[in-house]
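Peer 1:
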């Protein structure tokens, strides 16, 4: 899908675009056979690939509380409140059977991911994979300084704070490129898992998928029956993967924007524009169902089941509404 994988196999309008594989350029027919080599019947199109994606912001740090920018250069640990939030998120997700866990490699995210898995019934021993693509937006000279300073810098430059890039920081486009690259990596992972399962001798079907009967979706209380049915979150659902990602507020906001504006993600009917543009509260939980028709990586069908869910924070004793930290 990208150059680092050495091959690009993409579906465009039902056709395939051919790319360089190894030392030979294959025809579209050959690429199609390559993609479907692990399926029960190589002549048939790849099966529907479906995976769950749960994205959680890290718990509170003292810099969050004091409204000081951390970005990538300030690697602050969780505060006592942050650990309580992470434990609460872990209890909220304790009955969800994840197949993969990814986290930013910054300390506040790593500690949150570990706390969540520590409360999980199924995944206590699941390996957490740390990925620099999940890091917070880099704020350059503004890191370690109050949010008010960033706003003042933006005003002096005649720009709005969310889109302003301080010296040494990342632009929103650069953050979105990290977002896009990581999301495509997840889609590729799910496709490869589905192909691997069907490549097993005598495999009758998607037996490795995670059935809804194996765990309880805690977010089903926060969306309508119609939305759940459409998202495929019922007990009959089989997922090729169920992925947990722990990241950061500004990064997650950019990720949501990418899925909505670039990939036409379907949103909950009761979601307001303010909620869509707000930064997630610490340990806010968002959940998505992603479907890839015939294994196509170009046009994923994405359903947002819930966004920045924070009901688990009610008894934590911290503010559940996120401050406007960009």
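Residue numbers (the working numbering): 728 to 1053.
Here a beta-carbon is modelled for each residue, glycine too, at the ideal position from N, C-alpha and C.
#1: Please identify the residue among 979, 1039, 1014 whose C-alpha is closest to the C-alpha of residue 862.
#2: What's the gap between the Cα of residue 888 and the Cα of residue 835?
#3: Would you mind sorting residue 1035 into buried or exposed? The rule is 16 or more other CB atoms within 10 Å of its CB.
#4: DSSP three-state label for residue 987, please.
#5: Contact between the stretch 795-805 and the stretch 815-826 is defined here as three or more beta-carbon pairs at a separation below 8 Å; is this criterion met?
#6: Using the rule of at least 16 other Cβ atoms within 10 Å of the residue's Cβ for burial, across every protein chain shown, is residue 895 buried or exposed?
#7: In this structure, what does DSSP give as the bridge partners for residue 896?
#8: For residue 777, does the count of other Cβ atoms within 10 angstroms reach 16, so buried, or fall short, so exposed?
#9: Mind checking which residues open and close the alpha helix (DSSP H) that includes residue 1030?
#10: Could you give the DSSP three-state label for residue 998: helix, strand or coil?
#11: Start and end of the beta strand (DSSP E) containing residue 969?
#12: Out of 828, 840, 816, which one is the CA nearest neighbour of residue 804?
#13: Looking only at its own chain, which residues have a Cβ that is under 8 Å from the Cβ of residue 788, when we skip the five neighbours before and after it?
#14: From this set, 1012, 918, 975, 986, which residue's C-alpha is nearest residue 1019's C-alpha?
#15: Rounded to whole angstroms, what is the Cα-Cα separation between residue 882 and residue 872?
#16: Going by the beta-carbon positions, is the gap between residue 1010 and residue 838 smaller than 7 Å?
#17: Out of curiosity, what's the CA-to-CA distance linking residue 1000 and residue 990?
#18: Counting along the chain, where does the alpha helix (DSSP H) carrying residue 714 start and finish?
#19: Looking at C-alpha atoms only, which residue of 974, 1039, 1026, 780 is the closest neighbour of residue 905?
#20: Do residue 868 and residue 816 count as a contact pair if the criterion is CB distance below 7 Å?
Peer 2: Let me spell this out:
#1: For the purposes of this step, residue 862 is taken as the residue at position 135 of the chain shown. Nearest option by C-alpha distance: 979.
#2: Here residue 888 refers to the residue found at position 161 of the chain shown. Here residue 835 refers to the residue found at position 108 of the chain shown. Their Cα atoms are separated by approximately 24 Å.
#3: As a working mapping, residue 1035 is identified with position 308 in the chain shown. Buried: at least 16 other Cβ atoms inside 10 Å.
#4: On the chain shown, residue 987 is found 260 positions in, with the first residue counted as 1. Looking at residue 987 - three-state DSSP - the assignment turns out to be helix.
#5: Result no; under three Cβ-Cβ pairs closer than 8 Å.
#6: By one-based count along the chain shown, residue 895 stands at place 168. That one is exposed.
#7: By 1-based counting over the chain shown, the position of residue 896 is 169. According to DSSP, residue 896 bridges with 866.
#8: Start at 1 with the first residue of the chain shown, and residue 777 comes out as number 50. So residue 777 ends up on the buried side.
#9: On the chain shown, position 303 is the one that residue 1030 refers to. Careful: residue 1030 lies outside any alpha helix (DSSP H), inside the beta strand (DSSP E) at 1028-1036.
#10: Here residue 998 refers to the residue found at position 271 when the chain shown is read from its first residue. In the structure shown, residue 998 falls within a coil segment according to DSSP collapsed to helix, strand and coil.
#11: Working through the chain shown from its first residue, we reach residue 969 at position 242. Segment 968-974, the beta strand (DSSP E) holding residue 969.
#12: As a position in the chain shown, residue 804 is number 77, starting the count at 1. Residue 840 is the option with its Cα nearest to residue 804.
#13: In the chain shown, residue 788 corresponds to position 61, counting from 1. Taken in chain order, the residues that qualify are 797, 803, 804, 805, 806, 809, 835.
#14: Against the chain shown, residue 1019 aligns to sequence position 292. Per the Cα distances, 918.
#15: Position 155 of the chain shown holds residue 882. Position 145 of the chain shown holds residue 872. So the two alpha carbons sit approximately 16 Å from each other.
#16: Position 283 of the chain shown, counted from the start, is the residue given in the question as residue 1010. Position 111 of the chain shown, counted from the start, is the residue given in the question as residue 838. Going by C-beta atoms, residue 1010 is not nearer than 7 Å to residue 838.
#17: For the purposes of this step, residue 1000 is taken as the residue at position 273 of the chain shown. For the purposes of this step, residue 990 is taken as the residue at position 263 of the chain shown. Between residue 1000 and residue 990, the alpha-carbon positions lie close to 17 Å from each other.
#18: Only positions 728 to 1053 of the chain appear in the structure, and residue 714 is not among them; the question remains open.
#19: What you label residue 905 is simply residue 178 of the chain shown in a count that begins at 1. Of the listed residues, the one whose Cα sits closest to residue 905 is 974.
#20: In the chain shown, residue 816 corresponds to position 89, counting from 1. In the chain shown, residue 868 corresponds to position 141, counting from 1. Taking 7 Å as the Cβ cut-off, residue 816 and residue 868 do not qualify as a contacting pair.
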